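Heads up, the thing below is written out as C-alpha coordinates.
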Amino acid sequence: QLIDCMIAFEALFLKGERRASSRGKIIAIACSTLLGSNDEEREEIKNTLSMAYSMRNSIVHGGECRKDVNLFEVVEDVIEYLRQSIIKFLD
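Okay, so the sequence shown: first residue is 54 according to this note's numbering, each after it adds one.
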(Lines of atoms letter the chains of each structure in order from A; the text may use other names.)
(Lines give C-alpha, C1' and ligand atoms only; values in the text may rest on other atoms or scores of the structure.)
Protein backbone atom coordinates (compact mmCIF):
# COMPACT_ATOMS: atom_id res chain seq x y z
CA GLN A 54 0.00 0.00 0.00
CA LEU A 55 2.82 2.41 0.78
CA ILE A 56 4.29 2.10 -2.71
CA ASP A 57 0.88 2.57 -4.32
CA CYS A 58 0.21 5.68 -2.24
CA MET A 59 3.57 7.21 -3.08
CA ILE A 60 2.95 6.58 -6.79
CA ALA A 61 -0.36 8.43 -6.42
CA PHE A 62 1.41 11.32 -4.65
CA GLU A 63 3.93 11.45 -7.51
CA ALA A 64 1.06 11.71 -10.00
CA LEU A 65 -0.60 14.49 -8.01
CA PHE A 66 2.38 16.63 -7.09
CA LEU A 67 5.39 16.04 -9.36
CA LYS A 68 4.19 17.12 -12.79
CA GLY A 69 7.26 16.02 -14.75
CA GLU A 70 9.91 16.34 -12.03
CA ARG A 71 12.86 14.26 -13.24
CA ARG A 72 15.33 14.59 -10.37
CA ALA A 73 14.85 11.47 -8.30
CA SER A 74 16.73 12.92 -5.34
CA SER A 75 14.19 15.65 -4.70
CA ARG A 76 10.89 13.85 -5.34
CA GLY A 77 10.16 12.97 -1.73
CA LYS A 78 10.95 16.49 -0.58
CA ILE A 79 8.76 18.07 -3.26
CA ILE A 80 5.83 15.79 -2.38
CA ALA A 81 6.23 16.46 1.34
CA ILE A 82 6.37 20.24 0.94
CA ALA A 83 3.55 20.44 -1.61
CA CYS A 84 1.20 18.21 0.37
CA SER A 85 1.94 19.92 3.68
CA THR A 86 1.26 23.29 2.07
CA LEU A 87 -2.01 22.02 0.62
CA LEU A 88 -3.32 20.31 3.76
CA GLY A 89 -1.73 21.96 6.77
CA SER A 90 -3.69 24.74 8.43
CA ASN A 91 -0.80 25.91 10.62
CA ASP A 92 2.97 25.51 10.91
CA GLU A 93 2.72 22.59 13.32
CA GLU A 94 0.39 20.59 11.04
CA ARG A 95 2.50 21.38 7.98
CA GLU A 96 5.64 20.19 9.76
CA GLU A 97 3.95 16.95 10.87
CA ILE A 98 2.69 16.21 7.35
CA LYS A 99 6.06 17.06 5.83
CA ASN A 100 7.95 14.83 8.27
CA THR A 101 5.56 11.90 7.81
CA LEU A 102 5.66 12.05 4.01
CA SER A 103 9.43 12.48 3.91
CA MET A 104 9.81 9.41 6.09
CA ALA A 105 7.26 7.51 4.00
CA TYR A 106 9.09 8.33 0.77
CA SER A 107 12.35 7.20 2.32
CA MET A 108 10.68 3.95 3.39
CA ARG A 109 9.28 3.55 -0.13
CA ASN A 110 12.79 3.95 -1.54
CA SER A 111 14.12 1.30 0.83
CA ILE A 112 11.41 -1.15 -0.20
CA VAL A 113 11.74 -0.49 -3.93
CA HIS A 114 15.54 -0.49 -4.02
CA GLY A 115 16.11 -3.40 -1.66
CA GLY A 116 17.27 -1.53 1.40
CA GLU A 117 16.14 -2.05 4.96
CA CYS A 118 13.21 -0.20 6.49
CA ARG A 119 13.61 1.61 9.76
CA LYS A 120 12.96 -0.67 12.72
CA ASP A 121 11.98 2.19 15.03
CA VAL A 122 8.90 3.13 12.97
CA ASN A 123 5.56 1.33 12.83
CA LEU A 124 4.97 0.83 9.10
CA PHE A 125 1.22 0.30 9.57
CA GLU A 126 0.81 3.63 11.38
CA VAL A 127 2.79 5.44 8.70
CA VAL A 128 0.67 3.85 5.96
CA GLU A 129 -2.54 4.89 7.76
CA ASP A 130 -1.32 8.50 7.92
CA VAL A 131 -0.17 8.44 4.29
CA ILE A 132 -3.52 7.07 3.10
CA GLU A 133 -5.33 9.82 4.99
CA TYR A 134 -3.09 12.55 3.52
CA LEU A 135 -3.61 11.09 0.05
CA ARG A 136 -7.39 10.97 0.54
CA GLN A 137 -7.46 14.59 1.71
CA SER A 138 -5.23 15.68 -1.17
CA ILE A 139 -7.46 14.03 -3.77
CA ILE A 140 -10.52 15.70 -2.26
CA LYS A 141 -8.78 19.11 -2.39
CA PHE A 142 -7.76 18.54 -6.02
CA LEU A 143 -11.36 17.67 -6.92
CA ASP A 144 -12.88 20.70 -5.15
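Built from N, CA and C at the ideal position, the CB exists for glycine as well. If you're wondering where the values come from, they're calculated on a predicted model, not measured in any experiment.
Using a 10 angstroms sphere on the CB of GLY69, the tally of other CB atoms stays under 16, which defines it as exposed.
Considered as a whole, the segment 83-131 harbours no complete run of any beta strand (DSSP E) with no fewer than 3 residues. Taking the Cα positions, GLU93 is about 14 Å away from LEU102. ILE56 sits away from PHE66, with the two beta carbons spaced by 7 Å or more. Here the alpha carbons of MET104 and LEU87 stand approximately 18 Å from one another.
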